[in-house]
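Notes follow once the structure below has been shown.
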Amino acid sequence: MKRLTSAITGAARPLDSRKSGDRNYLQYRDDIITVSPNGAGSVVLVDQYRNGYTRHHSTVSQWGRPNTPPNDQYRSQSGK
């Protein structure tokens, strides 16, 4: 799992990351990625920021509310 998380962060540097128990949480401008163990492999969840924040609030709440992701301007409704 550590290699998978390293591969993801190597391909796209996250704004922030957090480890809680056996899960790794990666914060990106528009997404939250969660990597967790599953048997001999891993499960990767890619959530839009708002959904990931809701799903993993107890761990990622310090990253800021979904309507204001920290460290970057939030994309407008038109995507521009």
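So the sequence shown is numbered by my numbering: it starts at -15 and just counts up by one. Where a beta carbon is used, it is the ideal one built from N, C-alpha and C, also for glycine.
Determine which residues share a DSSP beta bridge with T18 and list them.
Within the sequence shown, the letter at position 34 stands for residue 18. Looking at the DSSP output, T18 sits in a beta bridge with Y9, L29.
Would you mind reading off the limits of the alpha helix (DSSP H) that contains S(-10)?
In the sequence shown, counting from the first residue as 1, residue -10 sits at position 6. Per DSSP, the unbroken alpha helix (DSSP H) holding S(-10) starts and ends at -14 to -5.
The alpha helix (DSSP H) with S45 in it runs from where to where?
Here residue 45 corresponds to residue number 61 of the sequence shown, with the count starting at 1. Unbroken run through S45: none, as it is neither H nor E.
Anticipated Cβ contact below 8 Å, Y33 with I17, distance rounded:
Translated into positions along the sequence shown, residue 33 becomes position 49. Translated into positions along the sequence shown, residue 17 becomes position 33. About 11 Å; that fails the 8 Å criterion.
Within this structure, are the beta carbons of G(-10) and R7 separated by less than 7 Å?
For the purposes of this step, residue -10 is taken as the residue at position 6 of the sequence shown. For the purposes of this step, residue 7 is taken as the residue at position 23 of the sequence shown. Note on residue identity: the sequence assigns Ser, not Gly, to residue -10. Not a contact, by the Cβ cut-off of 7 Å.
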